[in-house]
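Okay, so here's the structure we're looking at.
Number of protein chains: 2
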Amino acid sequence: MKNIAILGFGTVGAGVADVIAASHNKICREIHDVVNVKYILDLKDFPESKYADRVVHDFDIILNDPEVEIICETMGGTKVAFDYTMRALSAGKSVVTSNKEVVAAYGKLLCDVAREKGVRYLYEASVGGGIPILRTIKTSLAANEIYGIDGILNGTTNYILTHMKDDGTSFAEALSQAQQKGYAELNPKADVDGDDACRKICILAALAFGTMISQSSVNCEGISSVTLDTIEKAEKFGGSIKLIASARKMKGEKIDISVSPCVVSNENPLSNVSDVFNAIMIHAQHLGDVMMYGRGAGKLPTASAVLSDIIEIIKSGKGSEQETWTIADPGTLSDNFKVFDTFCIYVPYSFGARKEKVLSLFGNTTESFEDADGFGFIVENISRNKIRKALHSIDVKDYSVFRYIK
Amino acid sequence: MKNIAILGFGTVGAGVADVIAASHNKICREIHDVVNVKYILDLKDFPESKYADRVVHDFDIILNDPEVEIICETMGGTKVAFDYTMRALSAGKSVVTSNKEVVAAYGKLLCDVAREKGVRYLYEASVGGGIPILRTIKTSLAANEIYGIDGILNGTTNYILTHMKDDGTSFAEALSQAQQKGYAELNPKADVDGDDACRKICILAALAFGTMISQSSVNCEGISSVTLDTIEKAEKFGGSIKLIASARKMKGEKIDISVSPCVVSNENPLSNVSDVFNAIMIHAQHLGDVMMYGRGAGKLPTASAVLSDIIEIIKSGKGSEQETWTIADPGTLSDNFKVFDTFCIYVPYSFGARKEKVLSLFGNTTESFEDADGFGFIVENISRNKIRKALHSIDVKDYSVFRYIK
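So the protein lines, in turn, are chains A and B.
With numbering that gives the first Met the number 0 applied, the first sequence corresponds to residues 0 to 405, in that order.
With numbering that gives the first Met the number 0 applied, the second sequence corresponds to residues 0 to 405, in that order.
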């Protein structure tokens with residue numbers, strides 16, 4: 000029998016118990032053994048739950064039970080979750096988690112301890128909910144260098160942007176709808192400001208490039224400044240506004256990470272990712288572009304990802320290898336404003352800007368359009384700094400710039 | 000050192016050698032060992048190739064070399080490829096393949112032999128080219144029952160349909176373009192008639208449901224009857240025509256498999272899969288809908304999938320478990336014409352059909368439209384047989400029906 004303990008009986012923790020109950024036969028066939036939820040650690044009791052008899056309040060009971068081999072950390076938060084994870088790994092128990100805050104902040108340390116102790120620390124559910132993106136990078140892309148990743152990694156913001164575009168609702172209205180549906184927290188800051196997407200792209204970059212960039216050093220722009228007008232402009236550029244979290248390998252070991260609203264071309268499959276769905280496009284050496292799409296959050300999808308990690312640990316045995324990464328040196332992160340890329344630029348007429356004069360600054364531009372208020376155009380192979388410098392040189396200081404994802 | 004042999008130095012075989020050369024350091028880091036292409040079996044010599052010294056013409060040299068642990072079968076065809084694969088597995092060597100014909104026809108037998116001999120027979124590259132769909136089903140979806148799969152599994156037909164829609168070229172013109180670009184064979188029958196997609200969906204169904212349906216028993220419809228008019232009609236239904244290969248679990252252990260041109264709703268991410276790209280949407284118990292998108296063919300993407308299998312075998316060791324499946328009993332396959340689903344129906348006026356009378360046969364219909372020649376509507380929860388019976392009851396015998404993928 001394989002005994003597991005669940006830390007935190009919230010949405011994901013309860014989902015893990017439910018998936019184990021609902022798919023008990025299938026999981027047991029997979030692992031050639033019987034899986035059993037021996038303990039559920041929570042501050043509360045759950046007298047009505049069918050798992051009431053497994054609820055404990057003292058982590059030491061779990062830690063000191065040699066029968067518990069795998070611990071699911073689905074508590075959220077960082078302080079206690081990190082402490083329990085560290086103690087579990089140090090005691091030779093494998094840990095699986097959906098807790099992106101802990102992975103982004105302490106993943107390197109925890110992976111190292113797991114490696115040293117010959118156990119595993121797996122975190123598939125921390126990025127993309129149910130989408131099996133981390134395992135795909137680790138296994139199926141093993142022969143590929145990864146050049147870059149572009150992801151829609153936050154369901155709440157994607158829901159808001161989808162409904163602004165499709166229904167013409169304002170940002171505030173769409174956010175309020177998302178809150179009513181339970182997609183957004185009452186305090187939506189972490190979603191709306193891009194922090195959640197930022198954590199996830201840092202985890203993806205750590206796995207793909209072997210180096211963890213601290214979230215706090217990333218230039219992270221959310222969607223609160225996106226208006227219906229922005230969305231209309233994006234359509235004129237032939238795309239949709241999406242909150243894109245990107246990580247790219249640059250020349251000389253530098254890494255570029257950004258989270259920002261981008262214009263995604265209608266030709267790109269990311270443009271068709273609606274509502275709370277997430278998708279991650281990987282640009283790989285031999286494989287080319289590969290995208291995974293699915294539910295980036297939710298009780299059962301996330302629990303399904305936790306279970307895939309549990310099954311991997313049981314099937315591959317304790318001795319299987321724990322990946323780890325380094326912590327990036329200062330200077331590894333590129334300055335976003337200096338990175339060369341393709342940008343959509345919109346200049347309003349209101350301050351006297353003349354189209355011919357502006358376009359003449361940039362050489363080859365494509366997809367230009369004019370509307371009543373101004374004009375838009377796309378420039379390839381330029382940086383945000385160079386755009387600013389060029390426009391400032393003719394005193395154009397009122398303009399908008401979005402990265403363009405072809 | 001891990002020595003491998005490549006059988007067949009065509010596009011994929013040469014791709015495997017090239018990926019190993021280009022990513023030698025990365026692969027060696029992954030496997031903690033050195034990978035070496037010891038032999039390349041082909042009828043021809045390749046005096047100009049940098050691998051010329053590894054080319055052999057006698058399979059027995061490979062079979063009798065105890066240093067060769069893994070054989071890549073990238074020959075194509077079934078007879079010799081099957082024979083060599085069987086002999087390799089029987090001799091205790093693992094085999095990885097991109098050969099969908101062999102997997103579809105003899106996969107069960109070969110998996111059984113591999114299992115018996117404690118080696119592996121892996122075939123990631125046989126479905127979806129570089130897209131890591133089989134490994135995802137086996138690992139990340141391990142806790143999920145799979146309810147169904149809808150895939151765009153053939154790049155050639157998707158290229159043709161994309162260009163018919165986007166450029167208004169006829170089927171014949173688009174096919175000729177695909178041949179010029181090397182996407183379609185000179186004899187395009189296997190692609191255009193849906194046989195290639197059919198093989199792949201049978202392999203996917205075998206892995207997902209544990210039962211292999213014989214390709215010859217599947218009702219397989221290609222795209223040769225799709226015209227520009229069909230494509231226009233699909234747009235009026237709010238979608239695009241795509242060649243969809245589907246497999247679904249039905250009640251009572253039955254399985255429904257079909258390959259047919261379907262109207263894919265613009266809301267569905269499969270509708271945005273263009274050119275030679277492939278995509279596979281899986282409907283899973285806990286995870287919900289998850290889609291993988293990428294290059295379904297090509298030298299390096301396919302070779303990358305072959306390498307992922309080689310790396311899996313080396314990392315997991317010989318003793319790891321070979322999955323296998325059963326061969327479906329007669330009667331397991333549903334009769335497509337009796338399966339309840341959602342259909343787009345178009346009835347021309349030419350034979351005197353009256354819209355009100357036709358619609359009154361079907362109860363609730365949605366998304367109806369009229370054009371100069373006739374009218375279209377969508378009916379849910381109905382079978383092809385029932386549609387035919389209803390229309391025949393009022394002497395409407397000239398109509399078109401497409402499955403609708405929401």
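A virtual CB, placed ideally from N, CA and C, is assigned to each residue, including glycine.
No experiment lies behind these values; they were computed from the predicted model shown.
Determine the contact status of Tyr146 of chain A and Lys248 of chain A, defining contact as a CB-CB distance below 8 Å. yes
When you compare the CB positions of Lys199 of chain A and Lys137 of chain A, do they come within less than 8 Å of one another, or not? no
Counting only beta-carbon atoms, is Met0 of chain B nearer than 8 Å to chain A? no
Name, please, each residue of chain A whose Cβ falls closer than 8 Å to the Cβ of Asn277 of chain B. Ordered by position in chain A, no residue passes the 8 Å Cβ test against Asn277 of chain B, which lies about 10 Å from the chain.
In terms of residue numbering, what span does the alpha helix (DSSP H) encompassing Pro260 of chain B cover? From DSSP, Pro260 of chain B is part of no alpha helix (DSSP H) but of the beta strand (DSSP E) over 254-264.
N-terminal and C-terminal residue of the alpha helix (DSSP H) that Val102 of chain B is part of: 99-116
Cβ contact (3+ pairs, closer than 8 Å) linking the stretch 280-296 of chain A and the stretch 215-232 of chain A: no
Name the residue from B:Glu72, B:Cys197, B:Ser175 whose alpha carbon lies nearest to the alpha carbon of Ile256 of chain B. B:Cys197
Roughly how many angstroms lie between the CA atoms of Ala124 of chain A and Leu152 of chain A, to the nearest whole one? 12 Å
Would you call the stretch 355-371 of chain A in contact with the stretch 0-10 of chain B, where contact means no fewer than 3 C-beta pairs closer than 8 Å? no
Count the C-beta pairs between the stretch 261-273 of chain A and the stretch 235-244 of chain A that are closer than 8 Å, then say yes if the count reaches three, no if not. yes
Can you give me, in chain order, the residues of the stretch 136-168 of chain A that have a beta carbon less than 8 Å from any beta carbon in chain B? Thr138, Ser139, Leu140, Ala141, Ala142, Asn143, Glu144
For the candidate residues B:Phe45, B:Glu66, B:Asp41, whose alpha-carbon lies nearest to that of Asp57 of chain B? B:Asp41
Show which residues of chain A have a CB atom less than 7 Å away from the CB atom of Asn35 of chain B. Ordered by position in chain A, no residue passes the 7 Å Cβ test against Asn35 of chain B, which lies about 15 Å from the chain.
Closer than 9 Å, Cβ to any Cβ of chain A: which residues of the stretch 239-266 of chain B, in chain order? Asn265, Glu266
Quick check: what's the CA-CA separation for Tyr105 of chain B versus Ile202 of chain B? 11 Å
Could you please tell me which residues of the stretch 51-82 of chain B, in chain order, have their CB closer than 8 Å to any CB of chain A? none
Can you confirm whether the stretch 332-343 of chain B touches the stretch 47-55 of chain B when touching is taken to mean that 3 or more C-beta pairs between the two stretches lie within less than 8 Å? no
Compare the C-alpha of Ala360 of chain B against each of B:Phe170, B:Phe376, B:Asp82 and name the closest. Checking the sequence, you will find Leu at residue 360 of chain B rather than Ala. Out of B:Phe170, B:Phe376, B:Asp82, B:Phe376 has the C-alpha closest to the C-alpha of Leu360 of chain B.
Spatial neighbours of Gly14 of chain B in its chain, beta-carbon cut-off 7 Å, leaving aside the 5 residues before and after: Lys298, Leu299, Thr301, Ala302
Here's a check: name, in chain order, each residue in its chain whose Cβ is nearer than 6 Å to the Cβ of Val217 of chain A, leaving out the five neighbours to either side. Cys197, Ile256
Which first and last residues belong to the alpha helix (DSSP H) in which His391 of chain A is found? 383-392
Cross-chain neighbours of Arg294 of chain A in chain B, by beta carbon under 8 Å: Leu286, Gly287, Asp288, Val289
Can you name the residues of chain A whose CB is closer than 7 Å to the CB of Lys25 of chain B? Ala142, Glu144
Taking Val18 of chain A as the query, report the chain B residues whose CB atoms sit under 9 Å from its CB, ordered along the chain. Ala142, Asn143, Gln284, His285
Spell out whether any CB of chain A is found under 8 Å from the CB atom of Ser97 of chain B. no
What number of angstroms, rounded off, separates the C-alpha of Arg387 of chain B from the C-alpha of Tyr398 of chain B? 9 Å
For Ala302 of chain A, go through chain B and note every residue whose CB falls closer than 7 Å to its CB, in chain order. His285
Taking any Cβ of chain B, which residues in the stretch 321-353 of chain A have a Cβ under 8 Å from it, in chain order? none
Asn384 of chain B: buried (16+ other C-beta within 10 angstroms of its C-beta) or exposed? exposed
Checking contacts by CB at 8 Å: is Arg134 of chain B closer than that to chain A? yes
Just tell me which of B:Leu62, B:Val102, B:Leu121 has its CA closest to the CA of Tyr83 of chain B. B:Leu62
Below-8 Å beta-carbon distance, Leu121 of chain A vs any chain B residue: no
Between the stretch 106-113 of chain A and the stretch 178-196 of chain A, are three or more C-beta pairs nearer than 8 Å? no
Among B:Ile39, B:Ile310, B:Asp44, whose alpha-carbon lies nearest the alpha-carbon of Ala142 of chain A? B:Ile310
I need the straight-line Cα distance from Asn265 of chain A to Ile404 of chain A, nearest angstrom please. 9 Å
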